[in-house]
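Chains as they are written, first to last, in the working numbering: chain B, 21 to 333; chain R, 21 to 333; chain S, 21 to 333; chain E, 21 to 333.
By construction, the Cβ of each residue, glycine as well, lies at the ideal position given by its N, Cα and C atoms.
Below is the structure:
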C-alpha cells in the first residue's frame, strides 16, 4: 500500500459527548467517496480523537472501515499518551480491516529524540498494522527530527509520514530523505500547502476541508499530477478562499475544526456537537458561517449540488 | 476536607509496561506513611499517569485507597484529554473511597479561558467527588488564568488548587484570591518552593521528593507552621541538595521522575521500570545515582534507617 | 562595592521622542533619595533604554550620576546588541563616575552558552567599570544558565547579578552558587518576589515600583533584614496591591512601565511621554490610574505627603 | 521602484570587531554583480547589522551604495530598538543614494499590533526613503499580523515586504493582500522557499546563499518566471544541497550566517571575522566546510570559476 492523493481527516460527527451521530457519519463518508477521495483517515486531530472516549473511538473505526472497505484505503489514528491504549486501538483497527495506523508522538511528557525513536520502534513492533508517522508539533509540542524519521525509514513496516508542521523547509527535506524508499509516502496536512507540496514531489494531502468540498482538493492534486500548474494554482486559490471564509470565524486554534463541523451541519451532512473542551459555534457564529457559505457558493468554491437538498435550510 | 501539609505525588511502581509492581507499591506507601505525610496523590505527572493504560490506573487507585484509607486522605489524578474517561476514573475513585479528584486542563487541544472554565464546570457537575484544580502549564501548555480560578471558586465542590507553574507571582495572587474561602487550599508542586510558599500562607506541598525522604518535607512544613524560619530554611537547603544530586543526572524534563524512580529502586523500595515514552536510567546513570545517594547519606540528607535493610545492596 | 538594598530601575522621563524631561528627572531622583533607596540603576528595561537614542542615554547617565554622586551608588545599563556601543556607554559611565555597568545578553541573535560566556568575558575585559550580570529571559529570550554564571564568578571584576527571570528555583540556585564569593550580590527584579528573595538570603531588589513609593520597598527590605517576618509580609502585601492596581490597566507586557510612568505624571513628578514603540496611556486609561491612586492612598499604600503639593491636580 | 528578483542580504566582511574588511567587501559585491543579482540588501540579519557599531553600519552603507549605484538598486536595513537611531541611519542611506530602507519591528519590547502599526507609521513619515517591511518573527519575536500589513499598504511610501517567517500559509495570504497594489512586492527570505514562493506569484528572494553562488538563485528565479518548472525545481534542489552542506556545520540558529561567512573566507572573497556575540568557525569546523565545498564543486552546485584563483588554497 502506497497511500497517495487526497485522504481527508474524517470529522467525528457526535450527537452528544459520548454518542456518535451514526447517520451523519454515513452521509459524510458517502459525500467524500462521491467526491473522489483516495482514502480516509479516521481519528485524527480534525476528528477530535483525543477528546473521545475509547468506546466512541472503537465505534468510529468499526463504522468507517465497514462503509469504506473495498472502496478506498482506511487509516486510523491511534495517537495517545499511553502506548498500551494505542496498541489496543491498533488491534481493533486490524480486526476491522483498516490498512494502517497513524501515530503522532505521545504528547504529555516531551520525549527527546532517542526516546521518541524507541517509542516508535516499540509501537511498530507490537502493532498488527503498518505505521504512518504523524508530525504535528503545534499540538504535540514534540519536534520529530529528520534524523528520527531517517532512522525509522529502516523499518519496512513504517510506510510514510503525514507532516502538519507548516514548515516547507522541513517538508522538502522529508522528500529528500525518501528518495531511497520507493514505497514511502509523504503527505501534507495544511491544505494551503497542498499545491506546492505536490509540485515538489509530495504524495498528497490529509486536508480538513476535503470533508466539505472533496472535489476541490482532488482536482488540485490531479492538476498538479497532470502538470497543469496554472489550473492547480487557480483551484488552490479557491481552497485558500474557503479557509479564509470558514476557518477564521472563531478566535482560536480550534477555529478550523469548528468551522468545518459547523459548515457540515449547515449543509445537512451531520451534527456539529463537539466533545469537551471544545464547543461548537453558538448561533451568532453559525449565522456568519451561513452567510460565508452563500458567498462561497456564489464564488463557485462550494458546489451546492453535492449536498443534500435541504442544505442551508 | 481541607487538604494541607505534605501530600506526595505517588510514583507508580511498574514491573512492565502494563504490570503494576504490587509489592513495591505497598512498601512505598508504607514508607511515606511512616514518614508522616499528610495525604497521598495517586496518578499525577510524577506517577506517569498519562502513560498508563486505564486498567493499570484503576488498579493503582484501588490499591492506594485500600492501603491508605482511614490513615490519610487520598486524592486521585484524572487528568485526560477525554472528559468521558476522566469521569470514568472519577467514578472508580469514588467507589474506592478516594477523597477528591485532581485535574489539569485537557492537554491536546489548547482551550481558551471560556472553554476551560466550561470544561471544569462540566467535569465538576458530573463527578461524584470534590475537585482539585491542577495548574501545570509546563506539560499541559495551557495557562489557567487567575480569572478562571476565581470563577471556579464559586463552585463549593471545587476545593483547592495545586500549582506547578513555578511562578511565585502567580502563586501569591492565588493566595490573595483564596482570602474569601476558608475551606480552600493552595498547594505548591515544585519542592524547591515549598518553604517560601508556606511562609506566605500556602497550605502545603505535592512534592515528588517526598516519595524518597518524606520526613524532610514534613519537617520543613512543620517548621514553617511553628514559625521556626531558620530551621525551615536549613531543611529547605537539604531539599535543594537532594534535587541537585538526584534530578540532574538525566538530560531532559523527565530527569526528575527518572531520578526518583531510580533512587527508589536502589533503595530497595520498588522497581524502576517506566512506561513509554520514558525509559528508566540505564546502568551508567544508575551508578551515578548510587554514588550521589551515598553522598546524601553522608550529608544527613537521606536517612538510611528509613529504608529496607538491603538498600544500596 | 557590594550593592544591597533597594536600587530602583530609574524611569527615563521624556518630553519628546529624543528630549529628556530634565526637571522631571531631577524631581524623580530626589523623590527616591528622600525615600531612602540604597542605589540607582539608570537605563534598564523600566528606563526604556533600548528605545532611546545614544545621545539621550548619555545625557541620562550624566545627569543621574551628577545628582546622586556621593549619596548612593549609581549603576548604568549598557545592554545592547552591539558590544562596541555597550563599551562606548561604559566609558561614558566611567567618566561620569558611575559605580558599575549592568548588562543583559545581546538580544537579537540568540547566543548559545559558550558564546554568551565569551561575550561577557570580552565585555568585562574591555570595560572600565565592574560588571553586573542581568538575567532577563522574558525580553532577551536568552537563558543565562547556572553554569555560565558560575564560570563568570571567576572574574573578580564581575560583581553580581540581577535576576528578572521570575523563577525562584533558579534564584535559589544563584544564591547557592554565590556561597564562595563574599563580595557577590544577587538582586531580584520582580517586586512581588522581593520579600521571599531577601528571606532566602538575597541582597535586595531592583524594583520598578520604587520609583513611586520608595519607602515601601525600603521598609520591606529592612523588615526582613531585622528578622521581622510578619511585618515584612504585611508590607509585601501592599506592594502586591500597588502592582495589581497600577500595572494591570494596559493589556500587554509593557503595562507595568506604562503604569509607573503614568502614575509619576499624575503625581506631578515627571512627564509620561514614552519612546516608540511604546505609547503612554491615553486619557481613558489615565482616568483609571487616577482612580486607583486614590484607592491606594485610602488604603495607606501610597503616602501623598511624599509627592509635590499639586499631585493629582 | 518595484524590487524583484534576487536581492542578496549582503554579508558584512569584518577585519575586527569594529573594522570593515574593505577589500573583501568590494570583492564580494563584484562577485554578486557579476552573478547577475537584481539588487543588494545591506545590513540585514545575515549582515549581522544589530551586532555592528553605528560607525561601521554607516561605512557599510556608504561603500555598498558607492559601488553598486547605477547598477542595481540598494536597500538598507535600519532595524533597531530605537526609532531615532533608525531614522539617523535612514538619513545617511538617503544621502548615499540608497533606494529604500528595510525595517523589522523593534525587538526588545514586544509591541502589540496597534503599537506596531503606529511605529511603522512614525518611521515612515519621518524617513526620507521608501520603506520595506521585514517580517522576521524568529529573531524579533514579534508577529506582523496580516491586518497590520494590510493597514500599512495604505501608505504609498511603504512599498513591499520581505517575509522570513518560513510560513508559506502566511506568505500566500500576503500575496493575496497585495492584489490591489500593482507596485507592491513580496520577497521571501529562506532560500529553500524561493522556488515555491515565486511559483505562487512572489516577486523574488532575499537569500543568504546568493552571497556565495548568486547565479544559482538568479537561474531559479528566471526559470520560474519563464514557466520552466522542471528546470526551476532541479536548481532548487541544488540550493537545498548547498544549504544542507554549509549551514548545518554549527549547532545553532547562527549556523547559517557562520557557514556563509566561512565559505566566503575559504573561497578567497573576504575575511570571516564575526562581531560578538557570534564567533566564526574555529579550525575543525573550517575543515569540514572545506571538505563540503569540494563536494559541492564536484556536484556542480558551486562553480569554482566564479571565485578568485587562489580560492580553497
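Verify the CB distance criterion: does residue 129 of chain S have a CB-CB separation below 8 Å to chain E?
Residue 129 of chain S belongs to the set of residues whose beta carbon lies under 8 Å from a beta carbon in chain E.
My guess is that residue 60 of chain R and residue 30 of chain R are in contact by the Cβ rule of under 8 Å, so how many angstroms apart are they, rounded?
Yes, they are in contact, since the Cβ atoms of residue 60 of chain R and residue 30 of chain R sit about 6 Å apart, within 8 Å.
Are the region 305-323 of chain R and the region 278-296 of chain R touching, with three or more C-beta to C-beta distances below 8 Å?
In this structure the region 305-323 of chain R lies against the region 278-296 of chain R, because at least three pairs of beta carbons, one per stretch, are closer than 8 Å.
Using a cut-off of 7 Å between C-beta atoms, extract the partners of residue 161 of chain E located in chain S.
Simply 161.
Is residue 197 of chain S near residue 164 of chain S, with beta carbons less than 8 Å apart?
The criterion of a C-beta distance shorter than 8 Å is not satisfied by residue 197 of chain S and residue 164 of chain S.
Span of the alpha helix (DSSP H) holding residue 140 of chain S?
Looking at the DSSP string, the run of the alpha helix (DSSP H) that includes residue 140 of chain S is 133-146.
Quick one: give me the first and last residue of the alpha helix (DSSP H) that residue 381 of chain B is part of.
The structure shown does not extend to residue 381 of chain B, since chain B is modelled only from 21 through 333, so no value can be given for it.
The beta strand (DSSP E) spanning residue 97 of chain B covers which residue range?
Start and end: 94-97.
When the Cα of residue 223 of chain E is compared with those of E:230, E:120, E:244 and E:71, which residue comes out closest?
Residue 223 of chain E has its Cα closest to that of E:244, out of E:230, E:120, E:244 and E:71.
Examine chain E for any beta-carbon lying closer than 8 Å to the beta-carbon of residue 43 of chain S, and answer yes or no.
No, its Cβ sits nowhere closer than 8 Å to a Cβ of chain E.
On a Cα-Cα basis, can you pick out the residue from R:134, R:206 and R:140 that is closest to residue 175 of chain R?
Residue 175 of chain R has its Cα closest to that of R:140, out of R:134, R:206 and R:140.
In the DSSP assignment, find the unbroken beta strand (DSSP E) run with residue 36 of chain B in it and report its ends.
Annotation for residue 36 of chain B: the continuous beta strand (DSSP E) segment containing it runs 34-36.
Which bits of chain S does residue 248 of chain R rub up against, with CB to CB less than 7 Å?
Listed along the chain, the chain S residues whose CB falls inside 7 Å of the CB of residue 248 of chain R amount to none; the nearest CB is some 11 Å away.
Identify, in the order they occur along the chain, each residue of the same chain with its Cβ nearer than 8 Å to the Cβ of residue 232 of chain R, setting aside the five sequence neighbours on each side.
So the qualifying residues of the chain are 262, 266, 280, 283, 284, 287 and 322.
Residue 48 of chain R, buried or exposed, once every other Cβ within 10 Å from all chains shown has been counted against 16:
Answer is buried; the Cβ neighbour count reaches 16.
With DSSP as the reference, please indicate the residues paired to residue 187 of chain R in a beta bridge.
The bridge partners DSSP lists for residue 187 of chain R are S:187.
Does the beta carbon of residue 112 of chain S come closer than 8 Å to any beta carbon on chain E?
Proximity of residue 112 of chain S to chain E, defined by a Cβ-Cβ separation below 8 Å, is not satisfied.
Residue of R:90, R:56 and R:27 minimising C-alpha distance to residue 63 of chain R
Of R:90, R:56 and R:27, the residue nearest in Cα terms is R:27.
Starting from residue 82 of chain R, trace the alpha helix (DSSP H) in both directions and tell me its first and last residue.
That run of the alpha helix (DSSP H) goes 74-88.
I need the DSSP call for residue 331 of chain R, collapsed to helix, strand or coil.
Coil.
Anything in chain B within Cβ reach of residue 213 of chain E, meaning under 8 Å, just list it in chain order.
What residue 213 of chain E touches in chain B: 188 and 189.
Closer than 8 Å, Cβ to Cβ, to anything on chain E: give me those residues from the region 175-207 of chain B, in chain order.
Within the region 175-207 of chain B, the residues whose Cβ lies closer than 8 Å to some Cβ of chain E are 186, 187, 188, 189, 192, 193 and 196, listed in chain order.
Given residue 249 of chain E as reference, the closest of E:318, E:274, E:235 and E:216 once Cα atoms are compared:
The shortest C-alpha separation from residue 249 of chain E is found at E:216.
Entirely within the region 254-313 of chain E and at least 4 residues each: give me those alpha helix (DSSP H) ranges in chain order.
Taking 4 residues as the shortest admissible run, the region 254-313 of chain E contains the following complete alpha helix (DSSP H) segments, listed from N- to C-terminal end: 275-286.
Determine, using beta-carbon pairs with one atom in the region 141-156 of chain B and one in the region 106-123 of chain B, whether at least three such pairs fall under 8 Å.
Touching, per the Cβ criterion.
Mind pulling the chain R residues with CB within less than 9 Å of residue 6 of chain S?
Outside the shown range of chain S, which is 21 to 333, sits residue 6 of chain S, and nothing can be said about it.
Nearest-angstrom Cα distance between residue 327 of chain B and residue 189 of chain E?
In a straight line, the C-alpha of residue 327 of chain B is about 28 Å away from that of residue 189 of chain E.
Any Cβ of chain B within less than 8 Å of the Cβ of residue 133 of chain E?
It does not; no Cβ of chain B falls within 8 Å.
Please list, in chain order, all residues of the same chain as residue 70 of chain R whose beta carbon is under 6 Å from its beta carbon, the five residues on each side excluded.
Nothing meets the Cβ criterion.
Name the one or two DSSP bridge partners that residue 154 of chain R has.
Residue pairing of residue 154 of chain R in beta bridges, as defined by DSSP: R:182.
Neighbouring residues, chain B, relative to residue 260 of chain E (Cβ below 8 Å)
For the C-beta of residue 260 of chain E, the chain B residues within less than 8 Å are, from N- to C-terminus, 192, 193 and 196.
Taking the straight line between their C-alpha atoms, what separation do you get for residue 276 of chain E and residue 67 of chain E?
Counting only the Cα atoms, residue 67 of chain E lies some 12 Å from residue 276 of chain E.
Extent of the continuous alpha helix (DSSP H) run through residue 49 of chain S:
Unbroken alpha helix (DSSP H) run through residue 49 of chain S: 42-54.
Need the endpoints of the beta strand (DSSP E) that residue 208 of chain B sits in, please.
For residue 208 of chain B, the enclosing beta strand (DSSP E) has its first and last residue at 205-208.
Along chain S, in chain order, which residues have C-beta atoms closer than 9 Å to that of residue 210 of chain R?
Listed along the chain, the chain S residues whose CB falls inside 9 Å of the CB of residue 210 of chain R are 188 and 189.
In terms of residues, what are the limits of the beta strand (DSSP E) holding residue 2 of chain E?
The displayed coordinates of chain E run from 21 to 333. Any statement about residue 2 of chain E would go beyond what the structure contains.
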